[in-house]
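Using UniProt numbering, the first residue of the sequence shown is number 1, and each one after it goes up by one. Every residue, glycine too, gets a C-beta built ideally from N, C-alpha and C.
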Amino acid sequence: MQNNNLKSVNNSFVSSAGNLKCLYAHRISYVFDLKGPAFFVDSACASSMTALTLAFNDLIQGNSDYAIVCGTHMAFEPFINQWQQMFGMCSPRGVSAVFDESADGYMITR
Numbered sequence: 001m002q003n004n005n006l007k008s009v010n011n012s013f014v015s016s017a018g019n020l021k022c023l024y025a026h027r028i029s030y031v032f033d034l035k036g037p038a039f040f041v042d043s044a045c046a047s048s049m050t051a052l053t054l055a056f057n058d059l060i061q062g063n064s065d066y067a068i069v070c071g072t073h074m075a076f077e078p079f080i081n082q083w084q085q086m087f088g089m090c091s092p093r094g095v096s097a098v099f100d101e102s103a104d105g106y107m108i109t110r
């Protein structure tokens with residue numbers, strides 16, 4: 001016999017389910033009452049460009065009339081920044097010199 005009492009549902013599970021990355025796009029779509037497909041793209045550093053390409057292709061193919069594409073970088077774990085610095089990925093000078101011979105890493109920005 002199944003208990004249909006919602007009070008018996010573990011509140012921590014219900015609240016944490018809304019924080020899953022795969023649901024971000026759906027939450028935004030719900031808040032703004034948007035209609036149509038909504039999905040989350042995670043392809044590491046190429047996520048924003050991948051999402052833009054998917055939207056562009058959908059528009060070209062006539063599957064959608066409009067598209068909203070959002071991209072962000074959310075790094076809440078401080079150990080990631082420490083790891084990147086430890087392995088020399090970040091510039092020790094604190095300068096991004098992308099197209100310069102003096103380039104020695106990149107800068108983490110917020």
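* Best match in 79, 49 and 35 for proximity to residue 41 [C-alpha to C-alpha] -> Here residue 41 corresponds to residue number 41 of the sequence shown, with the count starting at 1. When only C-alpha atoms are compared, the closest one is 49.
* Write down the C-beta distance between residue 82 and residue 90 rounded to the nearest angstrom, noting that I regard them as a contact closer than 8 Å. => Residue numbering aside, residue 82 sits at position 82 when the sequence shown is read from its first letter. Residue numbering aside, residue 90 sits at position 90 when the sequence shown is read from its first letter. Residue 82 to residue 90, Cβ: 10 Å. No contact.
* Asked: Which of the three DSSP states, helix, strand or coil, is assigned to residue 90?
  -> In the sequence shown, residue 90 corresponds to position 90, counting from 1. The answer is strand: DSSP assigns residue 90 an E or B state.
* In the DSSP assignment, find the alpha helix (DSSP H) that holds residue 185 and state where it starts and stops. => Since the displayed the chain opens at 1 and closes at 110, residue 185 lies outside it and no answer follows.
* Close-in-space but distant-in-sequence residues of the same chain around residue 93 (CB under 8 Å, 5 per side omitted) -> Mapped onto the sequence shown, residue 93 falls at position 93. If we look at residue 93 and ignore the five residues flanking it on each side, its Cβ neighbours are 104.
* chain C within 7 Å of residue 108, Cβ atoms only -> Of the protein chains in this structure there is only one, and it is not chain C.
* **Closer than 6 Å: residue 33 CB and nearest the ligand FMN heavy atom** => Ligands are entirely absent from the displayed structure, and the ligand FMN is therefore not among its contents.
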